[in-house]
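Here's the structure we're looking at; comments come further down.
Protein chains in written order, with the numbering used here: chain A, 225 to 355; chain B, 3 to 413.
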């Protein structure tokens with residue numbers, strides 16, 4: 225079995241726990257990976273203390289981008305927005321448990337970029353957000 | 003004349019990289035020539051020899067090395083001109099690539115000749131390199147863009163083209179061969195119709211010149227753009243062909259050294275073509291490699307190369323179509339070059355490509371710089387396998403076996 229397609233990744237890709245939308249939501253943001261057309265939208269609900277209570281993503285893309293979105297949302301439930309802002313590339317690599325080349329890294333980081341752009345209230349998800 | 007029969011195994015020996023193992027025991031199966039071709043020993047050696055023996059800046063130097071380098075730079079231009087049957091070598095402008103060739107026309111001819119609401123006809127199957135320069139012009143000048151639609155079978159809708167031509171277009175710019183669908187468009191006919199309507203034509207020949215015999219005089223095309231790296235040559239150099247009268251009337255592109263006749267503190271006079279469009283020190287070693295690539299392709303024969311690729315795509319389509327859940331985009335083999343873009347069973351092309359890579363199979367995944375075309379097809383991305391003179395049926399078989407492995411991973 226290929227490292228890149230570890231069971232955990234295939235499992236989260238095929239049976240994501242956090243796929244969907246939240247309506248109403250407190251934060252919502254969507255963006256594309258221009259290299260491959262992957263698309264991810266993330267909706268969050270946040271309580272009065274600024275902690276993430278619910279999270280959903282929707283979109284289309286490769287197993288890496290979709291599985292990392294599912295793993296990422298799972299990892300932020302109960303976290304404060306400040307903690308979310310502090311997440312970076314390493315967090316995603318730890319969740320996936322694999323090493324990625326520069327091209328696939330972009331797939332893996334798309335959900336984190338979208339999440340952070342939403343939390344910061346930015347107009348665009350940029351690479352700088354996850355470095 | 004002795005005609006050597008086409009022998010793919012002998013050709014493969016000319017390309018050192020095809021022996022490469024991408025990891026121990028796994029040889030590369032290179033099916034990504036539409037993105038860039040591999041380079042034969044003769045091209046690599048020509049550039050190597052240039053740097054080892056002849057390197058100097060061109061023009062103006064009178065020393066031996068400068069004379070030699072200048073001669074090599076210009077000899078390559080002559081070879082490239084002959085390769086596409088250009089009437090003269092000064093009609094070949096060196097650029098960085100196809101993209102820059104198209105931009106050159108957009109920034110010089112188009113900005114000097116087009117005004118608000120003038121019509122440019124493009125097609126829905128264009129690479130971004132033949133879309134964005136015109137969108138930039140449209141934003142700046144208010145020119146109008148119209149698009150020849152792509153039909154369900156991956157061809158251009160020539161009836162719509164004819165009706166667009168009745169709207170007095172100034173320019174028709176289109177791909178000779180689609181980098182996604184592989185469609186070979188009827189360029190001669192389309193150019194004739196454009197001329198009848200009073201429009202000039204640009205042919206994006208990035209995918210055709212490497213694979214087909216292309217004759218600019220037979221086509222009667224006004225401008226043609228292509229890149230060395232897709233035709234066994236190096237990256238960093240391409241060419242723009244243009245009709246002499248047009249090139250001479252065009253304002254210069256980039257300003258700087260080499261493109262001038264005379265410079266005063268506050269003014270300059272541009273020199274003649276082709277130098278007028280070649281400001282600054284150009285890609286000299288790359289021009290030598292470009293010339294060597296043209297020599298190499300000519301030594302094999304473009305008809306023979308086309309015939310081999312046709313055999314490859316016929317076989318590839320036949321084998322790929324057997325795979326349940328696999329959908330190929332584009333026309334039937336008789337109307338296309340060696341490009342097979344497909345979707346497979348709802349599995350993302352990145353995942354397909356990644357799993358194929360385990361067996362050393364190099365394919366491309368994404369929208370291949372043709373996002374509007376993918377939107378038209380209703381898909382975000384495709385996996386693309388493409389073939390060249392060194393591709394074999396064994397490689398097609400490896401691809402097919404690899405796709406079945408993808409199925410097993412995602413099962």
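Every residue gets a Cβ at the ideal spot worked out from N, C-alpha and C, and that includes glycine.
Short of 6 angstroms in beta carbon distance, which residues of its chain neighbour residue 393 of chain B, apart from the five on each side in sequence? Order them along the chain. 314
On the three-state DSSP scale, how would you describe residue 410 of chain B? helix
Would a check of beta-carbon distances place residue 352 of chain B closer than 7 angstroms to chain C? Looking at the structure shown, chain C is missing, and the protein chains on hand are A and B.
Would you mind telling me which residues of chain B sit closer than 8 angstroms to residue 284 of chain A, beta carbon to beta carbon, in chain order? Residue 284 of chain A reaches chain B at 350 and 382, counting residues in chain order whose Cβ is nearer than 8 angstroms.
Residues near residue 272 of chain B in its chain [Cβ-Cβ closer than 7 angstroms; skip 5 each side]: 254, 261, 262, 263 and 278
Given a cut-off of 7 angstroms on the beta-carbon distance, is the pair residue 103 of chain B and residue 227 of chain B in contact? Yes, these two residues count as a Cβ contact at 7 angstroms.
Inter-residue Cα distance where the pair is residue 311 of chain B and residue 232 of chain A: 41 angstroms
Indicate whether residue 270 of chain A and residue 303 of chain A have their beta-carbon atoms separated by less than 7 angstroms. no
Please name the residues in the segment 355 to 371 of chain B whose beta-carbon is closer than 8 angstroms to at least one beta-carbon of chain A, in chain order. 356, 357, 360, 367, 368 and 369
Option nearest residue 285 of chain B by Cα separation, candidates B:57, B:10 and B:44: Nearest option by C-alpha distance: B:57.
Taking a cut of 9 angstroms between CB atoms, which residues from the segment 263 to 290 of chain A lie near chain B? 263, 284, 285, 286, 287, 288, 289 and 290
Is residue 342 of chain A close to chain B, meaning its C-beta is less than 7 angstroms from at least one C-beta of that chain? no
Per the contact definition of three or more C-beta pairs closer than 8 angstroms, is the segment 18 to 31 of chain B in contact with the segment 354 to 368 of chain B? yes
Check distances from the C-beta atoms of the segment 309 to 322 of chain A to those of chain B and list, in chain order, the residues that come in under 8 angstroms. Per Cβ criterion, the list is empty.
Host alpha helix (DSSP H) of residue 79 of chain B (start-end): 66 to 85
Return the residue from the list B:382, B:371, B:349 and B:385 that minimises the CA-CA distance to residue 229 of chain A. Here the closest residue by C-alpha is B:349.
Selection from B:309, B:403 and B:317 that minimises the alpha carbon distance to residue 8 of chain B: B:309
Can you round the beta-carbon distance between residue 225 of chain B and residue 107 of chain B to whole angstroms, since I take them to be within the 8 angstroms contact cut? 5 angstroms
Please classify residue 360 of chain B: does DSSP put it in a helix, a strand, or coil? coil
Whole angstroms are fine: how far does the CA of residue 372 of chain B sit from the CA of residue 358 of chain B? 23 angstroms
Between B:197, B:176, B:219 and B:195, which has its C-alpha nearest residue 187 of chain B's C-alpha? The option with the nearest alpha carbon to residue 187 of chain B is B:176.
Which chain B residues are close to residue 261 of chain A, counting only those with a beta carbon under 8 angstroms from its beta carbon? Using a Cβ-Cβ cut-off of 8 angstroms, residue 261 of chain A is close to 368, 369, 373, 376, 382 and 383 of chain B, given in chain order.
Could you check how far apart the C-beta atoms of residue 126 of chain B and residue 382 of chain B are, in whole angstroms? I think they sit under 8 angstroms. Their Cβ separation, rounded to whole angstroms, is 16 angstroms, which puts residue 126 of chain B and residue 382 of chain B out of contact at 8 angstroms.
Report, in whole angstroms, the separation of the C-beta atoms of residue 68 of chain B and residue 59 of chain B, which I expect to be a contact under 8 angstroms. 7 angstroms
If residue 123 of chain B sits next to residue 150 of chain B, beta carbons under 8 angstroms apart, how far is it from one beta carbon to the other, in whole angstroms? With 8 angstroms as the limit, residue 123 of chain B and residue 150 of chain B qualify as a contact, their Cβ atoms being about 7 angstroms apart.
Taking only the alpha-carbon atoms, compute the straight-line gap between residue 252 of chain A and residue 278 of chain A and give it to the nearest angstrom. Straight-line measurement puts the Cα of residue 278 of chain A at about 12 angstroms from the Cα of residue 252 of chain A.
Counting beta carbon pairs with one atom in the segment 132 to 139 of chain B and one in the segment 155 to 171 of chain B, are three or more of them shorter than 8 angstroms? no
Specify the secondary structure class of residue 177 of chain B as computed by DSSP and reduced to three states. Residue 177 of chain B falls in the strand class under three-state DSSP.
Taking 6 angstroms as the limit between beta carbons, can you name the residues of its chain near residue 304 of chain B, skipping five residues before and five after? 215
Hey, out of A:285, A:323 and A:309, whose CA is closest to residue 353 of chain A's CA? A:309
On the CB-based measure, 16 or more other CB atoms within 10 Å of its CB, does residue 137 of chain B come out buried or exposed? exposed
Just the Cα atoms here: how many angstroms apart are residue 345 of chain A and residue 267 of chain A? 13 angstroms
Should the segment 231 to 247 of chain A be called in touch with the segment 328 to 336 of chain A, which here means at least 3 C-beta pairs below 8 angstroms? no
Hey, could you find the ends of the beta strand (DSSP E) residue 257 of chain A is sitting in? 251 to 257
Reducing DSSP to helix, strand and coil, say where residue 241 of chain A ends up. In this structure, residue 241 of chain A counts as coil in the three-state DSSP scheme.
Among B:333, B:117, B:307 and B:77, the one whose alpha carbon lies nearest that of residue 96 of chain B: B:77
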